[in-house]
Amino acid sequence: MTRVRCITEMGMGVDVHGKDATKAAKRAVSDAIRHSSLGFFRMIGKTANDMFVDVTVAVPNPEAVDKDAVAKELPYGTVTVNAVKGGLEIPAEQGSDAIIIANAAVIVSFDKE
Numbered sequence: 006m007t008r009v010r011c012i013t014e015m016g017m018g019v020d021v022h023g024k025d026a027t028k029a030a031k032r033a034v035s036d037a038i039r040h041s042s043l044g045f046f047r048m049i050g051k052t053a054n055d056m057f058v059d060v061t062v063a064v065p066n067p068e069a070v071d072k073d074a075v076a077k078e079l080p081y082g083t084v085t086v087n088a089v090k091g092g093l094e095i096p097a098e099q100g101s102d103a104i105i106i107a108n109a110a111v112i113v114s115f116d117k118e
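Its first residue numbered 6, the sequence shown is counted upward by one per residue in our numbering.
Okay, here's the thing in structure tokens:
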């Protein structure tokens, strides 16, 4: 089957202390979907559970992202999370702390019948 993209949302999330890429990624996904209400399912004969939700999060250390934890930010659909190198790490003035900024793209699609 062919998938049809219906929605693309972008978000940004920050972990100010702790260098936690997962926390920043979760906040980026939450930011991306926070203002969305997808009410068109009935028009196309689908339910929220028919969605495919593909998430790409960009952080400085993608291997540190807990993809399952990020996926739990999405309440419906079949969710796939991919972490890639990107985002931003801003070192603290002193010590080993840093600010981690993550960017997220959330793409919602359905199978075309």
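All C-beta atoms, glycine included, are put in the ideal place defined by N, C-alpha and C.
According to DSSP, is residue i helix, strand or coil?
i    : result
K24  : coil
N54  : helix
V111 : strand
A33  : helix
P96  : strand
K72  : helix
Is it buried or exposed, residue i, if we count other Cβ atoms within 10 angstroms and call 16 or more buried?
i   : result
V89 : exposed
M15 : exposed
V84 : buried
A97 : exposed
D36 : buried
G74 : Gly is not the amino acid found at residue 74; the sequence shown has Ala there. Exposed, since its Cβ has fewer than 16 Cβ neighbours within 10 Å.
V86 : buried
Tell me which same chain residues have a C-beta within less than 6 Å of the C-beta of residue i, skipping the five on either side of it?
i    : result
K28  : D20
L79  : V58
A107 : G18, A29, A30, A33, V62, V64, G92
Check the DSSP bridge columns for residue i and list the partner residues they point to.
i   : result
R8  : D116
E14 : V111
K90 : V64
Return the chain-ordered list of same chain residues with a C-beta closer than 8 Å to the C-beta of residue i, the five sequence neighbours on each side being excluded.
i   : result
A82 : One point to set straight first is that residue 82 is Gly, not Ala, in the sequence displayed. Cβ neighbours of G82 beyond the five flanking positions: A53, N54, D55, M56, F57, V58, V113.
K51 : F115
I38 : E14, G16, E78, L79, V111
Ignore the nearest five residues each way along the sequence and tell me which others in residue i's own chain have a CB closer than 7 Å to its CB.
i   : result
I95 : A103, I104
N66 : A26
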